[in-house]
Amino acid sequence: MSDHFKNIEKVQELLQGAQTGLWAIELDEGKPPRMYADRAMLELLGFEREPSPEECYDVWFGRIDSGYYPMVYDAVERISANERAEVQYPWLHPVWGQIYVRCGGVRDWSYKDGVCLIGYHQNITNTVMLKQEYDTVIRTLNENYRGIYLCNIIDKTYKSVQMNQLDIHSEVLPEYEGFFRRYAEEEVAQQSRELFMHAVAADSIRGKLSEGGAGPEAFYRNKEGKWCRVRVLPLKGYTAKYPWVLVTLEDQAGEVEKRLNEAVSQEAVSRMYRLVVSVDLKKTEYNCVHYSGEMLKLSKQGQFTELYGQIAQRMPSEDRRELDRIFRIENYRKYGTLEGTFRMFDSHGVLHYYAYYSACIRRDFEERILMTVRNVDDRQEQQRREAVLANLCSCYYSIYLFDLEQNTEEAIWQEDIIREKEFPKGRMDFYYDKFVQNYVCPEDREKMKKAGDKAFLQKTLSEKHPVYDIDFRRIYPDGTKWVRSRFSIAEIRDGEVTKVVFANMGIHEQKLQEIREEELNRQALMAAYEKAKNANEAKSSFLAQMSHDIRTPMNAIMGMTSIAYGQLEHPDKVKDSLDKIGSASRHLLELINQILDMAKIEKGSLELEEAPFILSSMLSELVSIMRGEAQAKNQEMRLEISDLVHDSLIGDAGRLRQVLMNLISNSVKYTPEHGKIHITLREVSSGTPGAGSFVFTVEDNGIGMSPDFVERIFVPFNREDDVRARNIQGTGLGMPIAQEIINAMRGNIQVESQKGKGSRFVVTLTLKTAESENDARKAVREEAAWVSKTEDQVPPGTLRGQRLMLVEDNELNMEIAKTILEESGMAVDSAENGEKALQMFVCSEPGTYQAILMDLQMPVMDGYTAAREIRKSRHPQAAGIPIIALTANAFAEDIAKAQAAGMDDHIPKPIDFSRLFGVLEKYVGREQN
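See below:
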């Protein structure tokens with residue numbers, strides 16, 4: 001490769017001039033996306049400094065029009081899959097406003113940390129805006145030209161693009177020179193014919209264009225004596241192999257008269273120029289020779305800075321360099337005179353074009369700059385239309401003219417591959433019917449027939465709605481592709497459309513993208529509908545199931561309460577009723593806890609704790625607790641632990657205990673008397689540093705489950721329809737909750753069961769290993785000590801005589817707690833809200849209270865606020881007095897919120913007084929020590 005291309009700075013300078021920047025994007029898992037950009041790219045993104053890669057990516061991605069995100073995602077996926085891809089989208093520039101960008105790239109396979117894409121970012125705003133103007137030109141051709149013809153100067157063929165005002169009824173001539181000769185005979189004045197024919201002659205055109213200049217141009221008079229102009233414009237890409245030119249015939253009566261007047265009235269400066277001004281740069285003064293207009297507020301004489309400031313203020317920023325060029329004296333010493341164009345906004349914000357001519361006048365040892373300015377809006381508009389017209393054919397692969405009055409059609413422009421198989425000029429209805437039958441897919445034929453119908457076009461098209469678009473699938477030799485047909489008005493008379501331009505553009509990739517987006521939207525809508533439908537059904541099922549499951553223990557509680565009232569003279573029967581009330585209450589509490597767990601799971605707010613624990617101790621204690629229930633049914637329960645290398649772990653022991661408790665409890669429930677329950681723990685290789693993998697198995701020879709129920713065992717509220725299980729209490733929530741907990745721990749749970757033979761549950765988990773085994777064993781010892789102290793509801797002796805503050809707004813809850821605490825030997829002062837509790841504490845003598853039991857949800861002041869205010873107070877005990885939350889809010893986020901407010905511990909309602917006594921001894925003992 002030549003060394004010319006090894007100069008990276010030179011290449012980047014060229015790309016910057018073409019408004020093209022280079023970028024690289026790194027996409028690594030677990031890290032934010034990063035974009036690296038060269039100097040040109042940073043300028044296109046609006047950065048004046050070099051940002052961080054993360055900020056660079058955020059600015060680029062965040063300013064893309066959100067409606068184009070699916071196209072951008074698709075392009076990224078294709079590039080990542082080693083395909084080349086390109087995408088265009090609107091982008092909001094921080095300075096320029098909305099621009100249009102073309103972006104493409106490839107994947108860098110040398111990057112190993114993730115995915116790396118490299119590519120370019122090009123500003124194509126001018127191209128897009130020019131393309132949007134093409135269709136406007138099609139609609140307005142009849143307003144600007146008498147005739148437009150597409151001519152091949154080699155084979156002399158031609159096509160008529162527009163014939164608005166011509167009325168030539170001669171037969172169609174095969175060569176364009178013959179056609180123009182006939183036109184000259186019928187339309188051009190005798191004295192102008194030779195000049196006219198010289199301008200359109202093929203040799204004359206070739207000669208002009210070969211010299212690198214513009215095409216021939218000539219003014220002539222028609223037979224009515226009006227001035228006209230013939231111009232030849234080469235099509236974009238004109239070569240000897242592509243010898244196509246546009247020949248335009250224009251009514252130039254006004255322009256010629258204007259030129260004649262300018263030639264005659266050169267001295268009448270006031271009629272030619274908007275502004276004629278003389279500037280003395282040494283004195284920094286100006287002298288206004290002539291000014292016509294309202295844009296500037298100029299006096300006869302004034303300061304140059306005033307003149308410069310008024311003009312510069314009205315100019316777009318990119319034109320101000322031209323203004324500086326005019327008033328730089330050294331330019332005149334080098335060039336003599338200066339001329340050019342600049343733009344200025346009028347008072348209504350409309351942009352106008354002006355041509356200037358300036359010269360340096362030297363006299364009597366003085367130098368002055370004389371500048372003349374005139375408006376050239378018409379010329380700029382004409383040049384713009386000619387440029388659009390020359391590029392028009394690059395947008396559409398075929399263009400036709402339909403004459404609705406004469407029922408004729410004519411192909412104006414076609415690509416070669418289309419031209420070879422298209423139909424010749426003829427009847428419009430015949431051609432269009434053939435077109436639909438031969439080239440339109442059967443599914444789209446009906447709508448395309450309707451679109452090309454004369455009555456439909458005349459009804460649909462109007463001055464307010466000059467364009468009608470329709471998409472269809474076109475048949476090609478290699479398959480079908482999407483095409484957009486555009487019907488636009490070419491001529492309208494007395495409000496009725498008489499001629500229509502029929503143009504076709506390929507939109508296959510764009511349409512496929514639209515279809516993909518529509519399908520994604522449809523799927524998303526259906527998914528949302530199904531989700532809402534299932535949620536509604538689940539809600540109805542949930543309410544029905546809860547109505548039954550809650551009423552069952554409530555019925556037992558209310559019924560046994562009535563029985564106890566009737567047996568007050570028989571203490572044994574009252575005790576039996578109270579025992580059954582307690583059993584039903586515990587079942588109701590278990591049901592409520594499971595419902596709350598399911599609510600957290602469905603909400604996505606299930607949180608796991610990270611704390612040290614000893615796995616074997618936790619499992620052994622759990623089996624010891626359940627062994628009593630098993631022995632009551634004469635069941636054999638065996639625990640086996642093998643290959644245990646890591647016993648000290650970090651994780652949520654409470655949630656793991658909940659899962660295993662549910663599995664073991666189910667085995668005890670659904671295994672008949674004298675059955676066997678086998679529980680095993682085995683460690684297997686994890687392959688992950690700092691973690692261990694464990695397999696828990698709970699196996700029994702109980703009643704088992706049917707294959708159908710095994711399939712839906714993890715669906716909430718499902719229970720096996722088995723006569724032997726109907727008398728066993730259950731909600732159908734235990735297994736769904738267990739599965740969700742295991743999923744949250746990134747583990748796995750499997751079920752095997754046979755009816756009448758038993759069931760086997762296998763849980764596989766990977767848990768962090770503790771860095772220090774002592775920390776885990778210390779936590780276990782503290783937990784064990786706390787459990788041993790709270791096994792009985794009888795409070796320890798250290799609590800007797802202690803004074804507590806009980807804060808509770810519910811009178812019944814206050815009475816229950818106060819009675820049990822006072823019967824246990826403690827003194828209790830009560831407060832009905834947080835504000836009262838704060839006042840009592842602040843006003844109390846130090847040592848009055850040994851602990852505060854605080855409800856959370858209360859009127860006037862809640863428990864969170866009260867705890868914070870107590871901690872902030874100047875009371876000597878403010879920082880150290882134990883504050884224990886008593887609340888029905890048992891979620892992890894509520895516990896965290898209580899701790900953040902300054903509370904030491906948390907006891908959920910309904911209150912387990914055994915646990916409360918243990919917590920009180922823990923903190924009151926700490927205070928005493």
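In terms of full-length UniProt numbering, the sequence shown has 594 at position 594, counting the first letter as 1, and numbering is strictly consecutive. Note that beta-carbon positions come from the ideal geometry of N, C-alpha and C, so glycine has one too.
Discussion item. So for residue 60, helix, strand or coil by DSSP?
Written reply: In the structure shown, residue 60 sits in a helix (DSSP, three-state: H, G or I).
Worksheet item: Three-state secondary structure (DSSP) at residue 570?
Response: Coil.
Item to complete: Could you name the residues of the same chain whose beta carbon sits closer than 8 Å to that of residue 311, not counting the 5 residues immediately before and after it, in chain order?
Response: Counting only Cβ-Cβ distances below 8 Å, and skipping sequence neighbours, we find 296, 323 and 344.
Item to complete: Decide if residue 648 is buried, meaning its Cβ has at least 16 other Cβ atoms within 10 Å, or exposed.
Response: With 16 or more neighbouring CB atoms inside 10 Å of its own CB, residue 648 falls in the buried class.
Worksheet item: Given that a residue counts as buried once 16 or more other Cβ atoms are within 10 Å of its Cβ, and exposed if not, what is residue 898?
Response: So residue 898 counts as buried.
Fill in: Segment contact, 8 Å Cβ cut-off, at least three pairs: the stretch 683 to 695 with the stretch 637 to 654
Proximity of the stretch 683 to 695 to the stretch 637 to 654 meets the contact definition, three or more beta-carbon pairs being nearer than 8 Å.
Item to complete: Please indicate yes or no: does the CB of residue 309 lie closer than 7 Å to some heavy atom of the ligand MN?
Response: Looking for the ligand MN in the displayed structure turns up nothing, as the structure carries no ligands at all.
Worksheet item: Exposed or buried, residue 916, counting other C-beta atoms within 10 Å across all chains shown (16 or more means buried)?
Response: Counting Cβ neighbours within 10 Å, residue 916 comes out buried, since at least 16 surround it.
Worksheet item: Between which two residues does the alpha helix (DSSP H) containing residue 903 stretch?
Response: Taken as a continuous stretch (DSSP letters only), residue 903 belongs to no alpha helix (DSSP H), as it is neither H nor E.
Worksheet entry | Cβ-Cβ separation, residue 618 to residue 657 (assumed contact under 8 Å), whole Å | Contact between residue 657 and residue 618 is confirmed by a C-beta separation of about 6 Å, below the 8 Å threshold.
Practice prompt. Would you tell me roughly how many angstroms separate the C-alpha atoms of residue 100 and residue 36, rounded to the nearest one?
Written response: Looking at the two C-alpha atoms, the distance is approximately 21 Å.
Practice prompt. Could you please give the first and the last residue of the uninterrupted beta strand (DSSP E) stretch that includes residue 103?
Written response: Counting along the chain, the beta strand (DSSP E) containing residue 103 begins and ends at 97 to 107.
Worksheet item: Given residue 565, which residues of its chain have a CB within under 6 Å of its CB, disregarding the five upstream and five downstream residues?
Response: Non-local C-beta neighbours of residue 565 in its own chain, meaning closer than 6 Å and more than five positions away in sequence, are absent.
Worksheet entry | CA-to-CA distance, residue 314 to residue 375, given in whole angstroms | Answer to the nearest angstrom: the Cα atoms are 15 Å apart.
Worksheet entry | Among 510, 645 and 711, nearest to residue 930 - alpha-carbon criterion | No answer is possible for residue 930: it lies beyond the span of the chain, which begins at 1 and ends at 929.
Worksheet item: Taking DSSP as the reference, what is the three-state secondary structure of residue 560?
Response: DSSP, read as helix, strand or coil, puts residue 560 in helix.
Worksheet item: So is residue 187 buried or exposed if we call it buried at 16+ other beta carbons inside 10 Å?
Response: A residue is called buried when at least 16 other Cβ atoms come within 10 angstroms of its Cβ; residue 187 meets this threshold and is buried.
Item to complete: Label residue 232 either buried or exposed according to how many other C-beta atoms from any shown protein chain fall within 10 Å of its C-beta, with 16 as the threshold for buried.
Response: Buried: at least 16 other Cβ atoms inside 10 Å.
Practice prompt. Using the Cα positions of residue 9 and residue 23, report the straight-line distance between them to the nearest angstrom.
Written response: Separation of residue 9 and residue 23 (C-alpha to C-alpha, rounded to the nearest whole angstrom) is 15 Å.
Fill in: Simplified DSSP state of residue 616, which is helix, strand or coil
Residue state, collapsed to three classes: helix.
Practice prompt. Identify whether residue 863 lies in helix, strand or coil by the three-state DSSP scheme.
Written response: The answer is helix: DSSP assigns residue 863 an H, G or I state.
Practice prompt. Work out the CA separation of residue 398 and residue 414 for me, nearest whole Å.
Written response: The alpha-carbon atoms of residue 414 and residue 398 are separated by roughly 4 Å.
Worksheet item: Does DSSP put residue 814 in a helix, a strand or coil?
Response: Under the three-state reduction of DSSP output, residue 814 falls in the helix class.
Worksheet item: Is there contact here, the stretch 432 to 451 with the stretch 172 to 184, by at least three beta-carbon pairs under 8 Å?
Response: The answer is no - the stretch 172 to 184 does not touch the stretch 432 to 451, with fewer than three Cβ pairs under 8 Å.
Practice prompt. Starting from residue 480, follow the beta strand (DSSP E) in both directions and report where the run begins and ends.
Written response: The continuous beta strand (DSSP E) containing residue 480 extends over residues 479 to 493.
Worksheet item: When the Cα atoms are used, what is the spatial distance from residue 202 to residue 145?
Response: Each residue's CA atom was taken as its position, placing residue 202 and residue 145 some 22 Å apart.
Discussion item. So, at 8 Å on beta carbons, what are the nonlocal neighbours of residue 198 in its own chain, with the 5 sequence-adjacent residues on each side left out?
Written reply: Cβ neighbours of residue 198 within its own chain (closer than 8 Å, five residues either side excluded): 204, 216 and 218.
Worksheet item: For the stretch 872 to 881 against the stretch 840 to 853, are there 3 or more C-beta pairs whose distance is under 8 Å?
Response: Three or more Cβ pairs drawn from the stretch 872 to 881 and the stretch 840 to 853 lie within less than 8 Å of each other, which places the two stretches in contact.
Practice prompt. Can you tell me which of 373, 348, 638 and 367 puts its alpha carbon nearest to the alpha carbon of residue 358?
Written response: Nearest C-alpha to residue 358: 373.
Practice prompt. Please say whether residue 192 and residue 221 have beta carbons closer to each other than 8 Å?
Written response: Yes, Cβ-Cβ distance for residue 221 and residue 192 is below 8 Å.
Discussion item. With H, G and I counted as helix, E and B as strand and the rest as coil, what does DSSP make of residue 850?
Written reply: Collapsing the DSSP output to three states places residue 850 in coil.
Discussion item. What does the alpha-carbon distance come out to for the pair residue 125 and residue 462?
Written reply: Cα-Cα distance, rounded: 30 Å.
Worksheet item: In the DSSP assignment, what are the bridge partners of residue 648?
Response: In the DSSP output, where bridge partners are listed per residue, residue 648 has 614.
Fill in: Bridge partners - residue 35, DSSP secondary structure assignment
Looking at the DSSP assignment, residue 35 forms a beta bridge with 25.
Worksheet item: So what does DSSP say about residue 634, is it helix, strand or coil?
Response: DSSP places residue 634 in coil when its eight states are reduced to three.
Worksheet item: Can the beta-carbon of residue 703 be found closer than 8 Å to that of residue 679?
Response: No. Outside cutoff.
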